[in-house]
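**Q** Using my numbering, you'd call the opening residue of the sequence shown number 1415 and step up by one each time.
A virtual CB, placed ideally from N, CA and C, is assigned to each residue, including glycine.
Dropping a structure here in structure tokens format, bear with me for questions.
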Amino acid sequence: MKTNKALKVLTTSALLASVAAPFGAGVVSANSTNLVDKRVQVGSNSEINGTSHLIVKEDDTKFGVSTGDTFRVELPAGTEWKFSDSEFYVDGSGNVYSSESSASPDTKAKVNVISSRTIEVRPLGNGFKSGDPDSKNAINIPLHVKVNGASGELKLKIDSMNSTVTSGEYVFATVNTGNTRAVVDTVRYIGKNGIGGQIRIDENFAGAISAGTHSLKLKLPSNFEWDDMSSGEIKFGGSFFGNAKVDGAIIGNGDNTLTIPVKISQSTSGATPGYIYITPKIKAKSDAAKGTDVTVNISGGDFSDADLTVAKYGDYDANIKVEKVEELVAGKFDEYTKTAKITIEESVPGSFYKDRDIDVKFPSWVKVVEVSDWSTSGVKANKPKNIDGTDDEFSIKIEEPTTKENTTPGKIEFKVRLSIDANKTGDIEATVSGGGIKEQKAVVAKAIAPAAVSVEGDTSKLKIGAQDQEGPTFYITEAKKGVFEKNVEGPSGNGEIIVRLASGVKFSKVPKVEVVEGDGTIDTSNVRRIENDNALAIPIKGESTSKPMKLKVSDVRLTLDRTVPEGDIEAKIGGSAVVENYVKDSKGWVGTGLYTGTDNKNPGTFNTQHAVTFKIGSTITPAPSDTTAKNIVFKLNSKTYTVDGKEIEMDAAPLVGWDRAYLPVRFAANALNVSDDQIIWDDKTSTFTIFKGDRVISGKVGDKFLTINGVKTPMDVPVWRNKEKTNNRVMVPIRYLANALNAEINWNKETSEITIQVK
């Protein structure tokens, strides 16, 4: 599908291009490589004085020097060219010549300044030589540009005009606001005193800081102070190297505001920007709150205001996080039960206490089977032992913690294999506490059911005490490929799916079971009824490897005894192929003994036998011989209708013929308060007669009228009877019959429901 879409886009683009092309224009091939060799940082009102170049190189096709091919270069709004001559010559190295006579033999092009933002460039034939290296066989134009209020990225535009040069837009500068910008290399952790992350102050463009002495101010929060700062903590780089220094005493040690006198000997305009590096030495006051960020405000002189977080101060705690919230399959022992990497990390070095336990606890419907993929950083803690599969928690003992002086917090990483109660789904939350840290909670995985069930169409309406009734077709789909297993780790060993019916309900016969999706297989010859026909066993022959297996269960016939209560009838999905961790009277591990690293016993179990419950049908009551109903609802293509909220069964469903809703005569009359003994059918004449109060209504199959008390009432469609479509039931257009029986009718198109109310 993606390929088709791409082809459509390409075709449309090509069509638009052909429409947009000017008539009579020749086909021009774009055959140059264009680039700006250096993207510079500039201010909104500054100049670029040839520090970067536009370079245009020939590719497969030579420049059309003999035909005078010319291309155009345009600047964006808010900028203008600052060349000293209105026309000049350039060579492949970026040298500029005011006249052709003064140009070198390697001159590549003539440049004409058309306007403040536009130049035209014409390649010259004598400059391009087959023996020259690629680096010289190019047009190299130094960029002399005045920036007048432009902002953001500045792009020049090349228009190929009639040449073979490639058209395009190319970034040559970025306009920065302010004179400087400040960054910190890393946010470090400090205790009572310490060194924060190194501060770097960059000129936004060369020459942003003017020559002279500037008072650079660094301000901490009021509950922190500068600690013995000297010129040794200040370094200069870029154009400031050898061109700037700390000129005088640094003022503010022991206070939260530090003033550094910075002297710039000469402006760096037109050169590389200058840089200042500061290593902050900080001390916390007694009222400093642990766990807070330590920020530095930068201001003064030509320096732009900036705020940086350079350190975090002392809140001894930890955080728990998970690399990915994996979906773990409930009821299983396999690879679908392991979490992604879980990390417990100190907020500040020294948060973990030596010889203390960190407890990791999960919900009660989860049991810890294994802790694996163990690693630590900055702290010594051994992987937990004696995981016996009976508990929902484990402990981690801290043997050697980090200290406050460490530059990075301690970290513990691991994965956990879990056994999940088969009928539980949802978030699996881990609670971490102890070891000197506050209680933390995090969702580390999500439990999903091993299977899903869907019923085709409506569920069946079943009679209590009746045999061999039609049940619905339903589908069983595994959550992921390979979840339905042939060889299982539980006590049974052989994988089977069990469909278990409610008490009092039995399978009248073995349904048809087939695989309709996925490459898994079942043993169809051994699909069988078990447990006195209350359950169906489906053996797994081969596990799916490409996509989840989907089973179709059809031709379902059900028998209900008289103990089945009225209401919904549920079925459940279980069996060893679906629920591996079921053991009656579960005691944790299948077998005995604790986990020793060599013990291959199966992990923690539960006494939950089923994973999924679904509605397979509902019980209904038989149609009454008489009724005084006031509200009747029929639905197209449904063999049940409701009388004052009670469901009643029919053997023929309402349907549409000739764009009219038809109902079976007998059931329609019953619903309209007519008993069976007041409905007469003459098979020889195919005529029905209904007696209701003082009215006699009759109709004949094929006639387009009803006779009411001897008077014909025309209809636009006939009385209908058909073996295949109406199940040999006589059908009457409901609107005419309802009118004849003095009832009101309403049609709901959205729900296909016909509501009749007796007047």
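(1) Under 7 Å between the Cβ atoms of ILE1734 and ALA1856?
(2) Out of ARG1531, LYS1695, VAL1997 and ASN2045, state which residue places its alpha-carbon closest to the alpha-carbon of GLY1608.
(3) Would you mind giving the Cβ-Cβ distance between GLY2031 and GLY1885, rounded to the nearest angstrom? I have them listed as a contact below 8 Å.
(4) With a Cβ-Cβ cutoff of 7 Å, do VAL2026 and LEU1972 count as a contact?
(5) What's the gap between the Cα of LYS1704 and the Cα of ALA1732?
(6) In chain order, what residues of the same chain have a beta carbon less than 7 Å from the beta carbon of THR1938, not counting five sequence neighbours either side?
(7) Could you give the residue range of the beta strand (DSSP E) that holds ALA1866?
(8) Based on the DSSP secondary-structure assignment, which residues constitute the bridge partners of GLN2171?
(9) Out of ASP2130, ASN2045 and TRP2134, point me to the one whose CA is closest to ALA2066's CA.
(10) Return the CA-CA distance between ILE2062 and ALA2083, expressed in angstroms with no decimal places.
(11) Which whole-angstrom value is the C-beta distance of ILE1772 and VAL1793, which I expect to be below 8 Å?
(12) Helix, strand or coil for THR1822, going by three-state DSSP, please let me know.
(13) Where do the N-terminal and C-terminal ends of the beta strand (DSSP E) with VAL1902 fall, by residue?
(14) If you measure between the beta carbons of LYS1895 and SER1958, is that distance less than 7 Å?
(15) Are the beta-carbon atoms of GLY1956 and GLY1934 separated by less than 7 Å?
(16) Quick one: Cα of VAL1897 to Cα of PHE2048, how far?
(17) In terms of residues, what are the limits of the beta strand (DSSP E) holding ALA1552?
(18) Pull up the distance between the alpha-carbon of LYS1524 and that of VAL1559, whole angstroms please.
(19) Could you say which of ASP1573, ALA1985, VAL1869 and VAL1902 lies nearest to LEU1950 if we only look at CA atoms?
(20) Please report how far the alpha carbon of PRO1521 lies from the alpha carbon of GLU1472, in whole angstroms.
(21) Taking the C-alpha atoms as reference points, what is the distance between SER1789 and GLY1508?
(22) Which residue from GLY2113, VAL1504, GLU1567 and PRO1537 puts its Cα closest to that of LEU1489?
(23) Terminal residues of the continuous alpha helix (DSSP H) containing VAL2079?
(24) How about PRO1556 and GLY1662: are their beta carbons less than 7 Å apart?
(25) What residues match up with TYR1689 in a beta bridge as DSSP calls it?
(26) In chain order, what are the residue ranges of uninterrupted beta strand (DSSP E) at least 3 long that sit wholly in the region 1918 to 1957?
(27) On the criterion of 16 or more Cβ atoms from any shown chain inside 10 Å, does GLY1840 qualify as buried, or is it exposed?
(28) Can you grab the Cα-Cα spacing for the pair SER1718 / ASN1711, in whole Å?
(29) Identify which residue in ARG1831, ALA1861, ALA2075 and THR1822 has its Cα closest to the Cα of LYS1838.
(30) What residue does the beta strand (DSSP E) around MET2145 start on, and which one ends it?
(31) Just mark LEU1630 as buried or exposed, buried being the case when its beta carbon has 16 or more other beta carbons within 10 Å.
(32) Quick check on the DSSP output: the beta strand (DSSP E) that includes TYR1603 runs from which residue to which?
(33) Can you find at least 3 beta carbon pairs, one from the region 2069 to 2077 and one from the region 2130 to 2150, that sit closer than 8 Å?
(34) Give the straight-line distance between the Cα atoms of LYS1825 and VAL1450, rounded to the nearest whole angstrom.
(35) Quick check: THR1891 and PRO1962, are their CB atoms within less than 7 Å of each other?
(36) Around the Cβ of GLU1760, are there at least 16 other Cβ atoms within 10 angstroms (buried) or fewer (exposed)?
**A** A quick look at the data gives this:
(1) A contact, by the Cβ cut-off of 7 Å.
(2) Closest by alpha carbon: LYS1695.
(3) Yes, GLY2031 and GLY1885 are in contact; Cβ-Cβ is about 6 Å, under 8 Å.
(4) No. Outside cutoff.
(5) Rounded to whole angstroms, the separation of the alpha carbons of ALA1732 and LYS1704 is 13 Å.
(6) Here the set comprises VAL1927.
(7) Start and end: 1865 to 1869.
(8) Partner(s): ASN2045 and GLU2158.
(9) Looking from the CA of ALA2066, the closest CA among ASP2130, ASN2045 and TRP2134 belongs to TRP2134.
(10) Going by the C-alpha atoms only, they are around 14 Å apart.
(11) No, ILE1772 and VAL1793 are not in contact; Cβ-Cβ is about 10 Å, not under 8 Å.
(12) Coil at THR1822, not helix or strand.
(13) In the DSSP assignment, VAL1902 falls outside any beta strand (DSSP E) and carries neither an H nor an E.
(14) By the CB criterion at 7 Å, LYS1895 and SER1958 fall inside the cutoff.
(15) For GLY1956 and GLY1934, yes; Cβs fall inside 7 Å.
(16) Rounded to the nearest angstrom, the gap between the Cα atoms of VAL1897 and PHE2048 is 43 Å.
(17) In this chain, the beta strand (DSSP E) harbouring ALA1552 covers 1552 to 1562.
(18) Distance from the CA of LYS1524 to the CA of VAL1559, rounded to the nearest whole angstrom, comes to 18 Å.
(19) Among ASP1573, ALA1985, VAL1869 and VAL1902, the Cα nearest to that of LEU1950 belongs to ALA1985.
(20) The sequence given here has Thr at residue 1521, not Pro. The alpha-carbon atoms of THR1521 and GLU1472 are separated by roughly 15 Å.
(21) C-alpha of SER1789 to C-alpha of GLY1508: approximately 56 Å in a straight line.
(22) Selection GLY2113, VAL1504, GLU1567 and PRO1537 evaluated against LEU1489 yields GLU1567 as nearest (Cα-Cα).
(23) Boundaries of the alpha helix (DSSP H) around VAL2079: 2079 to 2085.
(24) When the beta-carbon positions are compared, PRO1556 and GLY1662 stay at least 7 Å from each other.
(25) In DSSP, TYR1689 forms a bridge with ASP1616 and GLY1651.
(26) Within the region 1918 to 1957, the complete beta strand (DSSP E) runs of at least 3 residues are 1919 to 1921, 1926 to 1931, 1942 to 1944 and 1949 to 1956.
(27) Result: exposed.
(28) When rounded, the distance between both Cα atoms is 10 Å.
(29) The residue with the shortest Cα to Cα distance from LYS1838 is ALA1861.
(30) Element bounds for MET2145: 2145 to 2147.
(31) With 16 or more neighbouring CB atoms inside 10 Å of its own CB, LEU1630 falls in the buried class.
(32) Per DSSP, the continuous beta strand (DSSP E) segment holding TYR1603 begins and ends at 1602 to 1604.
(33) Taking 8 Å as the limit for Cβ pairs, the verdict is that the region 2130 to 2150 does touch the region 2069 to 2077.
(34) When rounded, the distance between both Cα atoms is 45 Å.
(35) The answer is yes: Cβ separation under 7 Å.
(36) GLU1760 counts as buried, since at least 16 other C-beta atoms from the protein chains shown sit within 10 angstroms of its C-beta.
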